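Working notes for the structure below.
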Amino acid sequence: MGETMRKPGSTGNELTVITKTYDLILWTTNHTSRFPRNHRHVLGIRIETKLYEVLDLLIDAKFSRQRRQKLEEINRKLEGLRFLFRLAKDLKCLEVSSYGFGARLLDEIGRLVGGWLKSSDGST
Numbered sequence: 024m025g026e027t028m029r030k031p032g033s034t035g036n037e038l039t040v041i042t043k044t045y046d047l048i049l050w051t052t053n054h055t056s057r058f059p060r061n062h063r064h065v066l067g068i069r070i071e072t073k074l075y076e077v078l079d080l081l082i083d084a085k086f087s088r089q090r091r092q093k094l095e096e097i098n099r100k101l102e103g104l105r106f107l108f109r110l111a112k113d114l115k116c117l118e119v120s121s122y123g124f125g126a127r128l129l130d131e132i133g134r135l136v137g138g139w140l141k142s143s144d145g146s147t
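What follows is the structure in structure tokens.
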């Protein structure tokens, strides 16, 4: 009676990856708002927009029976975000320690998405 039923293909990590992405968005928006003006409106907005897209796709994937395509798209967006975060560091918009924190969180999100993708190989 205390058990919860899981959807087929559910790993239990969906909520974790969504929560971590939400946390990364909160952390990022606090940092991009402090980017120099000449980078805030291009690089900062691009980073934030991609993160919002990742969050939307994660939520879509959670409720989709055909999640593989969404998870692969998330992986592509995460790879783009890795380069944008690196660019922000190289342009001195992010301190090295801040970049390290964001990069680690992005990597963790990527591993969770990869695990979810692997577990959903049986479903299309």
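Quick note on numbering: the working numbering labels position 116 of the sequence shown as 139, and the sequence is numbered without any gaps.
Positions of the beta carbon are idealized from the N, C-alpha and C atoms, including for glycine.
Computed from a prediction, not measured in an experiment: that's the story for all the values here.
Closest residue to residue i among the options (Cα-Cα distance)
i: residue 107; options: 80, 127, 67; result: 67
i: residue 39; options: 111, 124, 85, 144; result: 85
i: residue 53; options: 138, 125, 61, 144; result: 125
i: residue 139; options: 127, 57, 89, 112; result: 89
Neighbourhood of residue i by C-beta, 8 Å cutoff - its chain only, sequence neighbours within 5 removed
i: residue 101; result: 77, 129, 132, 133, 136
i: residue 104; result: 70, 73, 74, 77, 129
i: residue 46; result: 128
Whole-angstrom distance between residue j and residue i, CA atom to CA atom
i: residue 121; j: residue 36; result: 26 Å
i: residue 114; j: residue 75; result: 23 Å
i: residue 44; j: residue 79; result: 10 Å
i: residue 82; j: residue 98; result: 14 Å
i: residue 41; j: residue 118; result: 26 Å
i: residue 50; j: residue 57; result: 12 Å
i: residue 62; j: residue 95; result: 29 Å
Cβ shell of residue i (< 7 Å), same chain only, five flanking positions each side left out
i: residue 27; result: Unreliable placement is indicated for residue 27, whose pLDDT of 38 sits below 50; the coordinate value is still reported in the next sentence. So the list is empty, once near-sequence residues are dropped.
i: residue 87; result: 93
i: residue 59; result: 116
i: residue 4; result: This structure gives no information on residue 4, because the portion of the chain shown stretches from 24 to 147.
Close-in-space but distant-in-sequence residues of the same chain around residue i (CB under 6 Å, 5 per side omitted)
i: residue 64; result: none
Terminal residues of the alpha helix (DSSP H) in which residue i lies
i: residue 131; result: 119-142
i: residue 53; result: 37-55
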